[in-house]
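Asks: Below is the structure I would like to discuss, written out as structure tokens.
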Amino acid sequence: MSYIITDDCISCGACEADCPVAAISEGDGKYVIDETLCTDCGACADGCPVDAAIPD
Ligand code: SF4
Ligand code: SF4
């Protein structure tokens, strides 16, 4: 299991700072999650202002 970031992302960067395993980075037009690193903790979803981080 992993979280994913939808096209609703506004590239605020909050989730990158919140992720305990540094699985999130800035991508092309939105932030992206490395599914091989994500531990499914949900911190990114809790801090996202537009609910763009969701369970896959
Ligand atoms: Fe990082 Fe947790 Fe979000 Fe996975 S669910 S990307 S580990 S903050
Ligand atoms: Fe995008 Fe939400 Fe992450 Fe901000 S917190 S970069 S809006 S996914």
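Letter by letter, the sequence shown follows residues 501 to 556 of the numbering used here. Glycine included, each C-beta is placed from N, C-alpha and C at the ideal position. Just so it is clear, the structure is predicted and the values come from calculations on it, not from any experiment.
Let me confirm a value: residue 517 is counted as buried when at least 16 other C-beta atoms fall within 10 Å, else exposed. Which label applies?
Replies: Position 17 of the sequence shown, counting from 1, holds the residue named residue 517. With fewer than 16 Cβ atoms within 10 Å of its Cβ, residue 517 is classed as exposed.
Asks: Does the beta-carbon of residue 531, which I'm using as the reference point, lie nearer than 6 angstroms to any heavy atom of ligand 1?
Replies: Here residue 531 is taken as the residue at index 31 of the sequence shown, counted from 1. Residue 531: no, Cβ never under 6 angstroms from ligand 1.
Asks: Any idea if residue 510 is buried or exposed, counting beta-carbon neighbours within 10 angstroms, 16 or more meaning buried?
Replies: Residue 510 sits at position 10 when you count from the first residue of the sequence shown. The residue is exposed, with fewer than 16 neighbouring Cβ atoms inside 10 Å.
Asks: Find the nearest neighbour of residue 523 within the set 534, 547, 502, judged by alpha-carbon distance.
Replies: One-based indexing of the sequence shown puts residue 523 at position 23. The shortest C-alpha separation from residue 523 is found at 534.
Asks: DSSP three-state call for residue 516: helix, strand or coil?
Replies: Start at 1 with the first residue of the sequence shown, and residue 516 comes out as number 16. Note: residue 516 maps to helix in three-state DSSP.
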